[in-house]
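All remarks here apply to the structure that follows.
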Amino acid sequence: MSSKKAIMPPIIHWFRRDLRLHDNLALAAALRESGGQVLPLFIFDDTILHSPRVGPVRVQFLLESLAALDSALQQHGSRLLVRQGDPAAVLVQLAEASGAGAIFFNRDYTPFARQRDQRVQAALQQARREVRSFQDLVIWEPDQVLTQADKPYTVYTPYRRQWRSRIEADPRPIVTAPELAMFAPLPAGIDPGRLPSAQQLGHRPSQYARAGGEAEGLQRLASFADLANPDGIRDYHVQRDFMARPATSRLSAYLHLGCVSTRACVRVALAALERADAAARPGIDAWLGEITWHDFYMQILYHFPHVLRGAFKPEFNALEWQNDTSHFAAWCQGRTGYPVVDAAMRQLNSEGWMHNRARMIVASFLIKDLLIDWRWGERYFLQQLVDGDHAANNGGWQWVAGTGTDAQPYFRIFNPTSQGQKFDPDGAYVRQYLPELQDVPKKFIHTPWQMTTDDQQKASVKLDSSYPAPIVDHKVQRERALAMYAKARREAAAAKAQ
DNA sequence: CCTGGAGTTGTCCTA
DNA sequence: TTAGGACAACTCCAG
8 MSSKKAIMPP IIHWFRRDLR LHDNLALAAA LRESGGQVLP LFIFDDTILH
58 SPRVGPVRVQ FLLESLAALD SALQQHGSRL LVRQGDPAAV LVQLAEASGA
108 GAIFFNRDYT PFARQRDQRV QAALQQARRE VRSFQDLVIW EPDQVLTQAD
158 KPYTVYTPYR RQWRSRIEAD PRPIVTAPEL AMFAPLPAGI DPGRLPSAQQ
208 LGHRPSQYAR AGGEAEGLQR LASFADLANP DGIRDYHVQR DFMARPATSR
258 LSAYLHLGCV STRACVRVAL AALERADAAA RPGIDAWLGE ITWHDFYMQI
308 LYHFPHVLRG AFKPEFNALE WQNDTSHFAA WCQGRTGYPV VDAAMRQLNS
358 EGWMHNRARM IVASFLIKDL LIDWRWGERY FLQQLVDGDH AANNGGWQWV
408 AGTGTDAQPY FRIFNPTSQG QKFDPDGAYV RQYLPELQDV PKKFIHTPWQ
458 MTTDDQQKAS VKLDSSYPAP IVDHKVQRER ALAMYAKARR EAAAAKAQ
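Basically this note's numbering = 1-based index in the first sequence + 7.
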């Protein structure tokens with residue numbers, strides 16, 4: 008038996024969006040089936056690196072997560088192999104150099120990833136290597152949660168019911184984590200390569216990314232799921248809306264790169280449900296609902312890839328945007344004159360992350376106050392966000408624009424002032440990111456334009472100079488937005504009647 | 001095939 | 001000050 012083990016050919020585990028050792032289904036299978044002879048590989052793909060949708064924050068977070076992965080591997084007697092180039096070519100070459108008989112990876116569902124993986128599969132088949140992929144990134148894959156008519160869901164709530172009841176019917180595949188088997192040392196003669204710097208990848212370094220990696224992600228998950236944590240899951244449904252509070256899980260970037268598995272989140276939430284009192288249920292359910300959104304938008308992108316180009320409902324491609332570039336620049340820089348919008352955009356620019364409530368507010372402002380095409384905002388978010396996820400980002404933008412699945416009613420237009428007063432009642436969030444408004448009293452913190460020159464002097468602000476006056480009038484723009492949508496709807500109805 | 005309930009996150013006006 | 005209703009119509013989905 009041991010002699011059989013010795014001649015087992017190695018298996019390449021290709022890391023992509025699963026940068027972790029724990030609870031990694033493809034990796035666990037590769038270890039099991041090769042008796043530990045796993046070649047852990049990451050490939051820097053130029054197509055991704057040089058996409059205009061990838062910014063320095065995401066690159067930095069990726070590098071940190073890879074460094075953490077490498078040191079975790081070293082603690083387990085192995086190390087990360089690093090390559091750069093076309094994945095198909097790299098994999099064929101490494102398989103030949105190492106004698107690996109198979110390549111394992113966890114499936115990804117975005118159009119780009121699927122196309123790439125098909126190419127890789129074809130190339131490896133030609134090189135007579137086995138390719139095996141696993142379900143790991145999502146709780147349920149796009150074809151596993153379907154309506155009674157076997158069609159993909161396009162409405163969230165029924166999707167969520169089905170998603171949840173499938174877990175309740177048999178939680179075992181979700182709550183059981185595979186054991187991590189031992190790694191054998193890497194075969195001699197294989198150059199591990201080394202992690203490049205951001206500059207070597209053609210990106211400027213980013214000093215403001217958060218700490219990436221599996222250990223950091225798991226620690227955040229544990230602390231968030233702790234029922235005694237006042238900013239944790241227990242009151243999530245209420246506290247998550249207050250932008251100044253650290254009351255969201257802040258796991259988005261870790262989930263995006265798989266530093267933490269989606270299953271681990273659900274597992275932890277279900278365990279919390281079991282020991283929670285009734286009062287903690289709504290918080291836990293609300294957070295599970297967020298995981299469900301992740302799967303939901305992934306399956307939307309899988310079944311309806313056209314959403315990356317335009318509206319989910321094509322009739323909304325007829326919206327006549329203003330697309331004023333100086334307004335767009337003001338929005339990007341956080342200089343619109345609406346404090347909550349500006350604070351949020353500066354949080355994004357300085358931290359590579361934005362609170363979810365704030366994302367809705369700035370998106371609504373771009374679309375319905377500035378009348379700018381939601382795709383401009385979608386692209387900017389992807390460039391700046393450490394968690395920049397094509398599926399969730401697109402879904403969120405289309406939701407606010409009312410062009411997507413589950414479109415919000417057309418009349419639901421966020422008022423940036425009342426959103427600020429509601430969800431940043433004392434202005435702490437605004438003051439944190441807009442130091443020029445530091446001394447503005449609570450009364451004016453969301454409406455600085457109402458200050459008299461005397462008020463301004465006392466608060467050491469000068470409107471239109473140290474802080475901009477509003478670049479548009481919300482009341483006016485709201486009416487224009489309503490008219491813009493009404494026109495597109497009329498036209499769609501007319502086209503349909505023909 | 002028909003039927004009916006429902007649809008993440010709001011705003012504004014009126015009484 | 002606050003609570004309640006209007007704001008569209010349409011499509012999705014389950015029964």
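All C-beta atoms in this analysis are idealised placements derived from N, C-alpha and C, irrespective of residue type, glycine included. Here the structure is a predicted model, which means the values were calculated and not measured.
Three-way DSSP call (helix, strand, coil) for residue i in this model
{"i": "residue 19", "result": "strand"}
{"i": "residue 24", "result": "coil"}
{"i": "residue 8", "result": "The predicted position of residue 8 is uncertain, since its pLDDT is 43 and thus under 50; no value can be drawn from it."}
{"i": "residue 145", "result": "coil"}
{"i": "residue 159", "result": "strand"}
{"i": "residue 315", "result": "helix"}
{"i": "residue 153", "result": "strand"}
{"i": "residue 361", "result": "coil"}
{"i": "residue 403", "result": "helix"}
{"i": "residue 454", "result": "coil"}
{"i": "residue 387", "result": "helix"}
{"i": "residue 290", "result": "helix"}
{"i": "residue 267", "result": "coil"}
{"i": "residue 397", "result": "helix"}
{"i": "residue 57", "result": "coil"}
{"i": "residue 342", "result": "coil"}
{"i": "residue 349", "result": "helix"}
Under 9 angstroms between C-beta atoms of residue i and residue j
{"i": "residue 25", "j": "residue 53", "result": "no"}
{"i": "residue 110", "j": "residue 89", "result": "no"}
{"i": "residue 377", "j": "residue 306", "result": "no"}
{"i": "residue 327", "j": "residue 184", "result": "no"}
{"i": "residue 205", "j": "residue 113", "result": "no"}
{"i": "residue 50", "j": "residue 91", "result": "yes"}
{"i": "residue 98", "j": "residue 38", "result": "no"}
{"i": "residue 290", "j": "residue 242", "result": "yes"}
{"i": "residue 240", "j": "residue 195", "result": "no"}
{"i": "residue 453", "j": "residue 271", "result": "no"}
{"i": "residue 2", "j": "residue 466", "result": "As displayed, the chain neither begins before 8 nor continues past 505, which places residue 2 out of reach and without an answer."}
{"i": "residue 219", "j": "residue 264", "result": "yes"}
N-terminal and C-terminal residue of the beta strand (DSSP E) that residue i is part of
{"i": "residue 110", "result": "109-113"}
{"i": "residue 140", "result": "137-141"}
Limits of the alpha helix (DSSP H) - the one that residue i falls within
{"i": "residue 264", "result": "259-264"}
{"i": "residue 486", "result": "481-504"}
{"i": "residue 188", "result": "Here residue 188 belongs to no alpha helix (DSSP H), and DSSP marks it neither H nor E."}
{"i": "residue 252", "result": "It is not in any alpha helix (DSSP H) - residue 252 carries neither H nor E in the DSSP assignment."}
{"i": "residue 231", "result": "221-232"}
{"i": "residue 424", "result": "423-430"}
{"i": "residue 77", "result": "63-82"}
{"i": "residue 376", "result": "Careful: residue 376 lies outside any alpha helix (DSSP H) and carries neither H nor E."}
{"i": "residue 393", "result": "First-last for residue 393: undefined, no H or E at that position."}
{"i": "residue 435", "result": "435-440"}
{"i": "residue 462", "result": "460-465"}
{"i": "residue 243", "result": "243-246"}
{"i": "residue 182", "result": "179-182"}
For residue j and residue i, the rounded distance between their alpha carbons
{"i": "residue 119", "j": "residue 302", "result": "17 angstroms"}
{"i": "residue 8", "j": "residue 188", "result": "Residue placement at residue 8 is poorly supported in this model, since its pLDDT is 43, which falls under 50; the coordinates are not used for a value here."}
{"i": "residue 238", "j": "residue 226", "result": "15 angstroms"}
{"i": "residue 230", "j": "residue 361", "result": "20 angstroms"}
{"i": "residue 506", "j": "residue 165", "result": "Nothing can be reported for residue 506, as the shown portion of the chain is limited to 8 through 505."}
{"i": "residue 381", "j": "residue 500", "result": "22 angstroms"}
{"i": "residue 445", "j": "residue 421", "result": "25 angstroms"}
{"i": "residue 63", "j": "residue 44", "result": "35 angstroms"}
{"i": "residue 16", "j": "residue 41", "result": "7 angstroms"}
{"i": "residue 141", "j": "residue 358", "result": "33 angstroms"}
{"i": "residue 258", "j": "residue 148", "result": "21 angstroms"}
{"i": "residue 490", "j": "residue 407", "result": "17 angstroms"}
{"i": "residue 340", "j": "residue 434", "result": "20 angstroms"}
{"i": "residue 136", "j": "residue 100", "result": "11 angstroms"}
{"i": "residue 216", "j": "residue 502", "result": "48 angstroms"}
{"i": "residue 429", "j": "residue 478", "result": "22 angstroms"}
{"i": "residue 363", "j": "residue 248", "result": "8 angstroms"}
{"i": "residue 254", "j": "residue 369", "result": "20 angstroms"}
{"i": "residue 10", "j": "residue 21", "result": "Reliability of the predicted coordinates at residue 10 is poor, the pLDDT of 43 falling under 50, and the value obtained from them is presented with this limitation in mind. Using only the alpha carbons, I get a separation of about 27 angstroms."}
{"i": "residue 436", "j": "residue 367", "result": "15 angstroms"}
In DSSP terms, what residue i is bridged to
{"i": "residue 51", "result": "91"}
{"i": "residue 45", "result": "18"}
{"i": "residue 116", "result": "Per DSSP, none; premise fails for residue 116."}
{"i": "residue 474", "result": "470"}
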